[in-house]
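To get the numbering used here, take the position in the sequence shown, counting from 1, and add 435. Report on the structure given below.
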Amino acid sequence: MLRHLLLATLTVLLCQPLRAQITITANDMPVSGDSLRYSEASVLSAYSYIGESGADKSWNFKLTPTSQGIDYYKKALQVNPLFALSLGNLSCYGTKIADSIPGLSLLLSGINISDMYTFYNKKNDPPSFQAEAFGASIGGFPVGSAYTTPDVLYHFPLTYGDDTATDFALNIGAPGVGGIKMQGYRRTVVDGWGTITTPYFTKPTPCIRVRSEIVETDSITMDSLSLGLPRTTVEYKWLVNGQHYPALWITTLSIAGFDIPLSVKYKDKYRPELNTKVRNITAKADDVFAYPNPASDGWVRFEIPNSWTDFTIELFDMQGRLAMSYINKRQLDVSGLPHGNYVVRLTTEGSVVYIKLLR
Numbered sequence: 436m437l438r439h440l441l442l443a444t445l446t447v448l449l450c451q452p453l454r455a456q457i458t459i460t461a462n463d464m465p466v467s468g469d470s471l472r473y474s475e476a477s478v479l480s481a482y483s484y485i486g487e488s489g490a491d492k493s494w495n496f497k498l499t500p501t502s503q504g505i506d507y508y509k510k511a512l513q514v515n516p517l518f519a520l521s522l523g524n525l526s527c528y529g530t531k532i533a534d535s536i537p538g539l540s541l542l543l544s545g546i547n548i549s550d551m552y553t554f555y556n557k558k559n560d561p562p563s564f565q566a567e568a569f570g571a572s573i574g575g576f577p578v579g580s581a582y583t584t585p586d587v588l589y590h591f592p593l594t595y596g597d598d599t600a601t602d603f604a605l606n607i608g609a610p611g612v613g614g615i616k617m618q619g620y621r622r623t624v625v626d627g628w629g630t631i632t633t634p635y636f637t638k639p640t641p642c643i644r645v646r647s648e649i650v651e652t653d654s655i656t657m658d659s660l661s662l663g664l665p666r667t668t669v670e671y672k673w674l675v676n677g678q679h680y681p682a683l684w685i686t687t688l689s690i691a692g693f694d695i696p697l698s699v700k701y702k703d704k705y706r707p708e709l710n711t712k713v714r715n716i717t718a719k720a721d722d723v724f725a726y727p728n729p730a731s732d733g734w735v736r737f738e739i740p741n742s743w744t745d746f747t748i749e750l751f752d753m754q755g756r757l758a759m760s761y762i763n764k765r766q767l768d769v770s771g772l773p774h775g776n777y778v779v780r781l782t783t784e785g786s787v788v789y790i791k792l793l794r
């Protein structure tokens, strides 16, 4: 009887799927020449997932794709020879992070910043994957700049329980035009492991979950104007072996300790049915404006596309101090604020619009 019981127990154990923690190394990071396809899903799907951390988890993401894109990883010389010359680094490679910063031209008196790239590299001592350069077109002039302190995304090997924090700093600008300085720190914690299921990974696939909190201040300089705007974002990434790309990543904006999802993306295959669909969310300077401006009656109202179902409004004074912050609110009572100039930052699904407001 005991022998039959032991045999039955062993049979059950052998039939169970093997679940073990995985380790992420530099071999799991993107390389130059990669073309990595992703799909985007509604941010509403993020709320139920970002809190699910811990050991031996089964993340089953039932996501409906709304649009697709591809991240092309290229050497700086391939993107723009002037980038490579100004960076002084021919080994780094990167991908476009945005076509433009909508509305920033309003703040910089007509100066447009577009075609923004972040360039990465793998390091051996210590083993890491870091952002070490940035390139953009500022006022139509290609400008590249190396990070004065690189932004280290991961230290390897990545395993459950790892907790690291590093500073970063970047200063980019064009002579006579102005520029942007970014500085802050990134804390990265591997806060979960288990398996993940998505529309691409249809069977449970071993993964780890990485939470990165990025606290930074973006300082904008133009002539005599210098303004620092603080922000905190949190990235949740589910990493798997051999893919060069997260299985899923969710980006949130953190306000008063509360995560507001901005984007949900996941590795995916080509889906032809999405070719005819237009993205629901677009953030263009012409789409958003404030009135009355000046806000002489103590109220300011924002004309915002109806497709913006989730957005945040932050109002900063000219010293970069946060004066107001609201979620999904289209008009503000500013009667209690001192008269003067303010900067309004509206954020939705990873896009940002800046508006200069006079009170």
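Backbone N, C-alpha and C define an ideal beta-carbon position, used for all residues, glycine too. In this text the structure is predicted, and so the values were computed from the model without any measurement.
Just the C-alpha distance for residue i and residue j, rounded to the nearest angstrom, thanks.
i	j	result
proline 727	serine 760	19 Å
serine 698	valine 669	11 Å
serine 526	tyrosine 552	15 Å
methionine 617	glutamate 708	39 Å
asparagine 549	valine 624	Residue identity check: residue 549 is serine in the sequence provided, not asparagine. Roughly 32 Å separates the two Cα atoms.
leucine 512	proline 585	20 Å
glycine 795	lysine 791	As displayed, the chain neither begins before 436 nor continues past 794, which places residue 795 out of reach and without an answer.
alanine 490	threonine 637	21 Å
isoleucine 615	alanine 455	44 Å
leucine 596	valine 645	The amino acid occupying residue 596 in the given sequence is glycine; leucine does not appear at that position. Using only the alpha carbons, I get a separation of about 10 Å.
aspartate 653	serine 580	15 Å
lysine 700	arginine 472	10 Å
threonine 594	isoleucine 459	7 Å
leucine 498	proline 634	7 Å
histidine 590	aspartate 560	10 Å
serine 483	aspartate 694	12 Å
glutamine 565	lysine 558	8 Å
serine 786	valine 578	22 Å
glycine 692	glutamate 749	15 Å
tryptophan 734	leucine 479	30 Å
valine 723	valine 788	8 Å
Would you call the CB atoms of residue i and residue j closer than 9 Å?
i	j	result
proline 773	alanine 481	no
tyrosine 555	proline 465	yes
glutamate 738	alanine 725	yes
proline 500	arginine 666	no
valine 514	glycine 574	no
aspartate 469	aspartate 506	yes
Bridge partners of residue i, per DSSP?
i	result
valine 787	Thr782
alanine 725	Phe737
alanine 566	Tyr555, Asp586
phenylalanine 751	Leu757, Val778
leucine 772	Bridge partners of leucine 772: none, in fact.
Mind the definition here: the stretch 771-778 touches the stretch 681-695 only if three or more C-beta pairs lie below 8 Å; say whether that holds.
no
Would the stretch 522-536 and the stretch 490-499 be scored as touching if the rule is three or more Cβ pairs under 8 Å?
no
Could you tell me which whole beta strand (DSSP E) segments of length 3 or greater appear in the stretch 570-644?
576-590, 598-609, 613-632
Stretch pair the stretch 600-609 + the stretch 626-640: three plus CB contacts closer than 8 Å
no
Please give me, in chain order, every unbroken run of the beta strand (DSSP E) with length at least 3 that falls completely inside the stretch 664-698.
683-690
Where are the beta strand (DSSP E) runs, 3 residues long or more, that stay fully inside the stretch 473-506, in chain order?
489-495
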